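In full-length UniProt numbering, the protein residues as written are 2 to 322. Notes for the one structure printed next.
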Ligand code: GLV
Ligand code: GLV
């Protein structure tokens, strides 16, 4: 049989329409993630696979696919769902979607920063509760971002820099920690700091690193203890970067001002205790969910597939770490 293009989940309409000219049979999953058995069945014999962060791509996946598999295109910039070393051993190209989602992700990160510091979601819950209220000078008071608040960005990559630009427009002082720069360096008006200094001086700490060995539980009990008791933690990166079992008591006991989380350690499960905390904003991993951005992510994944199948260099191949 002719090797096919396997697409694990229904992509955006624009991307699905672009498949007309792809030149090989296409097997597409549903909008929901495929069950593991179905995934392994449908990828068997594929020349190319388009997956999302809900699909684990490991030795079992490659065994099921077979040796004719040439490329796995992830519809995400993060690729911690893929065993890239295993892919490299088997000569399979892995691609991701850097660049096209920076602004959407930074926009949503800023929405989360504003939501948690100015208590937008808590205030909405309050109004909906029907409890009588009237304006008061002490009601639902939050943090003034524009009065010299400091934002600490962990990971000054494309997304981190896009968040920095927004923070600068709010007149915030912006610090960043990134292993590519040395403390004291200035990058686009952002002051590079050690992680310890950033944690100790920031009013808002926002995470923009990929999840990998070096960043798993980067924000652990000790890191949280370094933060100001009034500070806010924002995570629109990956749940595993934060030790939730340390975060939850810190939030509950007033050792941290609040948190806005778009990703979770046990995703899609959310620790039920998080949902009981007023000072937490919870989002279902939607930071890149702009309509145009999602089209661009899906189209970039398909362009990578076309690149590899026509013998070209994939335009955004992942370099194995
Ligand atoms: C989404 O989380 C992505 O990595 O693109
Ligand atoms: C992510 O943080 C990136 O560097 O694009």
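We put the CB at the ideal spot given by N, CA and C, even for glycine. Computed from a predicted model, the values in this text were never measured in an experiment.
| task | State buried or exposed for residue 140, treating a residue as buried only when at least 16 other CB atoms are found within 10 Å of its CB. | result | exposed
| task | Inspect the CB distances between the region 165 to 178 and the region 117 to 126 and report whether three or more fall short of 8 Å. | result | no
| Hey, would you say the C-beta of residue 300 is under 8 Å away from at least one heavy atom of ligand 1? | no
| Are residue 205 and residue 151 touching if we call contact CB-CB under 9 Å? | yes
| said: Pop quiz: residue 317 and residue 305 are said to be a contact at Cβ under 8 Å. What is the actual Cβ separation, rounded to whole angstroms? | reply: 6 Å
| query | Along the chain, which unbroken stretches of the beta strand (DSSP E) at least 3 residues long are found entirely within the region 207 to 281? | reply | 233 to 236, 259 to 262
| residue 74, enclosing beta strand (DSSP E) - first and last residue | 72 to 75
| query | Within the 9 Å Cβ cut-off, does residue 265 reach chain C? | reply | Of the protein chains in this structure there is only one, and it is not chain C.
| Relative to the alpha-carbon of residue 165, which residue among 62, 110, 283 has its alpha-carbon at the smallest distance? | 110
| Heavy atom of ligand 1 within 8 Å of residue 78 beta-carbon | yes
| request: Could you tell me whether the region 299 to 313 touches the region 263 to 277, where touching means 3 or more Cβ pairs closer than 8 Å? | output: no
| field | Any non-hydrogen atom of ligand 1 within 8 Å of residue 207 CB | value | no
| field | Closer than 8 Å: residue 19 CB and nearest ligand 1 heavy atom | value | no
| query | Which residue comes first and which comes last in the alpha helix (DSSP H) that contains residue 1? | reply | Within the shown structure, residues of the chain are numbered from 2 to 322, placing residue 1 beyond reach of any answer.
| message | Whole angstroms are fine: how far does the CA of residue 221 sit from the CA of residue 250? | response | 12 Å
| field | Own chain residues within Cβ distance below 8 Å of residue 45, not counting five before or after | value | 65, 66, 67
| query | Taking the alpha-carbon positions, what's the residue 70 to residue 253 distance? | reply | 48 Å
| Length of the line joining the Cα atoms of residue 9 and residue 16 | 13 Å
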